[in-house]
Amino acid sequence: MPAKRATVRDLRRHNRSALLSTLYFEGPLSRQELVARTGLSAATVSTATAGLVDERLVVGAGTVESDGGRPRSLLRVNPGYGHVVGVDVGETGVAVELFDLALRRIAALDHDLPPTDPLAVGALIAAAVPEVIALAGADQGSVLGVGIGVPGEVERRGGAWGAATLVHAQTLGWSGVPLAELVRAGGTTLPLFVENGAKTQGQAEMWFGAGRGSRHVVVALLASGVGAAVVADGAVQRGSTSSAGEWGHTTVVHGGRRCRCGAHGCLEAYVGAGAVLERYRGLGGELGEGDERAAFAELVALAGGGTLGGGSPPAGGAQLATRVLEEAVGYLGAGIATLVNLFNPELIVLGGWAGAALGEGWLPSIVAATREHALRHPFARVRLEAGRLGPDAVAVGAATLPVAALLERAADPRAPVRGRAAHLA
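Going by full-length UniProt numbering, the first residue of the sequence shown is number 1, and it counts up by one from there.
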């Protein structure tokens with residue numbers, strides 16, 4: 001098949017996208033700086049930025065002194081151009097958050113709903129989107145799109161915005177669930193973007209968090225479930241059917257504990273928050289009546305910082321909590337070492353709400369456990385850091401999906417695209 005020839009329109013859109021993306025991630029910048037950073041000509045930058053300013057996608061951001069000449073005007077992406085919604089479909093509830101274009105959170109809602117019934121999840125999202133928009137006092141017409149982060153694999157089959165994505169979440173009993181269609185059935189007409197939650201978290205950490213400026217990164221999600229976003233040369237790897245990154249279902253013990261997916265010995269069965277709490281309670285430990293997040297935070301607080309990184313074991317009732325968490329950290333270190341050996345990243349980011357809870361006091365222990373299992377050469381060249389975006393990273397990452405569509409197209413993602421799939425790569 002002959003290669004498709006680029007048209008003048010394609011070139012213009014590419015130039016606008018390059019300028020808009022550069023301003024978004026590196027701005028505010030002057031036109032002269034845009035010329036240097038994008039490699040575009042001064043005339044192209046002048047024409048394209050004038051168009052972006054006319055459309056209010058880009059606005060002025062003051063001036064900066066220049067060497068021997070007039071002050072240079074600075075430009076930035078207009079954070080008030082529109083809003084985006086990020087949805088985190090977790091395993092104990094659904095979080096729906098509204099952001100401006102700079103990804104500053106304006107309003108948020110949390111709904112307790114175990115996502116075993118996809119029809120109920122779709123209806124909840126459809127109802128919660130206008131609810132969070134109203135809570136912020138915003139207009140629905142200002143919303144560019146809704147990003148949805150989900151557990152499990154997201155299969156993309158092309159077509160219009162979000163219309164042909166199927167979610168396979170084996171641990172939830174979801175098989176080929178057309179989640180975007182279910183949300184639309186609830187009345188939503190906004191562009192929808194569905195992606196695996198670990199991947200949305202990974203994109204958020206790469207854009208705004210610990211991964212910013214790095215090229216080869218693994219962002220690990222540790223929550224009820226366990227997953228990872230593998231970033232190579234700055235791009236999230238999805239595999240042939242978008243299921244790459246199911247790190248939690250790699251085997252760490254042959255014939256080991258039964259995992260929620262039905263297999264035995266999966267990493268998730270040893271380090272997932274639910275599995276760790278089940279282990280603690282199975283050994284006679286008692287915790288309060290809170291939900292899974294609260295119970296896990298209580299367990300971590302009870303155990304303190306652990307002893308793998310040095311120190312003395314606690315006395316009294318905290319001994320069991322310390323024993324259980326040290327066991328989990330040992331398995332986690334083995335799992336992270338596998339990431340080190342397989343992908344040779346420069347950075348591993350430990351995220352997710354359970355990862356954030358462990359990262360506060362157990363990071364030295366996790367590093368020590370990883371060192372025991374990783375090859376020396378790649379381990380000596382990798383950094384292990386806690387995520388910087390906190391427990392809401394999946395929702396933030398989901399909100400990046402419509403923003404990424406805006407940057408890619410350099411035009412409002414609510415406008416239809418003819419002749420091509422509108423899903424993000």
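All C-beta atoms in this analysis are idealised placements derived from N, C-alpha and C, irrespective of residue type, glycine included.
One alpha carbon belongs to Ser243, the other to Gln170, and they sit about 12 angstroms apart. Taken through DSSP and simplified to helix, strand or coil, Asp392 comes out as helix.
For the pair Ala273 and Phe296, the CB atoms are nearer than the 8 angstroms cut-off. Under the 8 angstroms Cβ criterion, the region 366-379 counts as touching the region 329-338, having at least three qualifying pairs. In this structure the region 348-364 touches the region 378-394; the number of beta carbon pairs closer than 8 angstroms is three or more.
Exclusion of the five residues before and after Val53 leaves no residue of its chain whose Cβ lies closer than 6 angstroms to its Cβ. The bridge partners DSSP lists for Val8 come to none. In this structure, DSSP gives Leu57 a state outside helix and strand, which the three-state scheme calls coil. Comparing alpha-carbon positions, the option among Val45, His264, Val177 lying closest to Leu29 turns out to be Val45. The region 139-151 and the region 76-89 touch, with three or more beta-carbon pairs separated by less than 8 angstroms. Around the Cβ of Gln319, a 10 Å sphere holds fewer than 16 other Cβ atoms; the residue is exposed. Judged by pairs of C-beta atoms under 8 angstroms, the region 239-253 does not touch the region 59-74, as fewer than three such pairs exist. Cβ contact annotation for Gly285 (same chain, cutoff 6 angstroms, sequence separation greater than five): Leu320, in chain order. Taking a contact to require three or more Cβ pairs closer than 8 angstroms, the region 102-113 and the region 126-134 qualify as touching. In this chain, the alpha helix (DSSP H) harbouring Glu181 covers 179-185. For Ala328 and Ala269, the gap between their C-alpha atoms comes out near 10 angstroms.
When C-alpha distances from Gly209 are compared across Ala374, Gly397, Arg16, Arg9, the shortest belongs to Gly397. The beta carbon of Gly176 lies closer than 8 angstroms to those of Glu155, Leu166, Val167, His168 in the same chain, with the five residues before and after it left out. Gln201 counts as buried, since at least 16 other C-beta atoms from the protein chains shown sit within 10 angstroms of its C-beta.
For Leu283, the secondary structure class from DSSP, reduced to helix, strand or coil, is coil. Secondary structure note for Leu363: its alpha helix (DSSP H) is the uninterrupted segment 363-373. The shortest C-alpha to C-alpha distance from Arg104 to any of His83, Arg9, Val94, Asp117 is the one to His83. When only Cα atoms are considered, Ala405 and Gly361 end up about 38 angstroms apart.
One alpha carbon belongs to Gly227, the other to Ala18, and they sit about 31 angstroms apart. Residue environment: Ser224 is assigned as buried (16 or more neighbouring CB atoms within 10 Å of its CB, all protein chains considered).
Residue Thr47 holds the alpha-carbon nearest to the alpha-carbon of Asn15 among Glu153, Glu33, Ala127, Thr47. With a threshold of 16 other beta carbon atoms within 10 Å, Gly197 meets it and is buried. For Phe99, the number of other beta carbons within 10 angstroms of its own is at least 16, and it is reported as buried. Taken through DSSP and simplified to helix, strand or coil, Ala102 comes out as coil. In this structure Val300 does not touch Ala220 by the C-beta definition: roughly 17 angstroms separates them, more than the 8 angstroms allowed.
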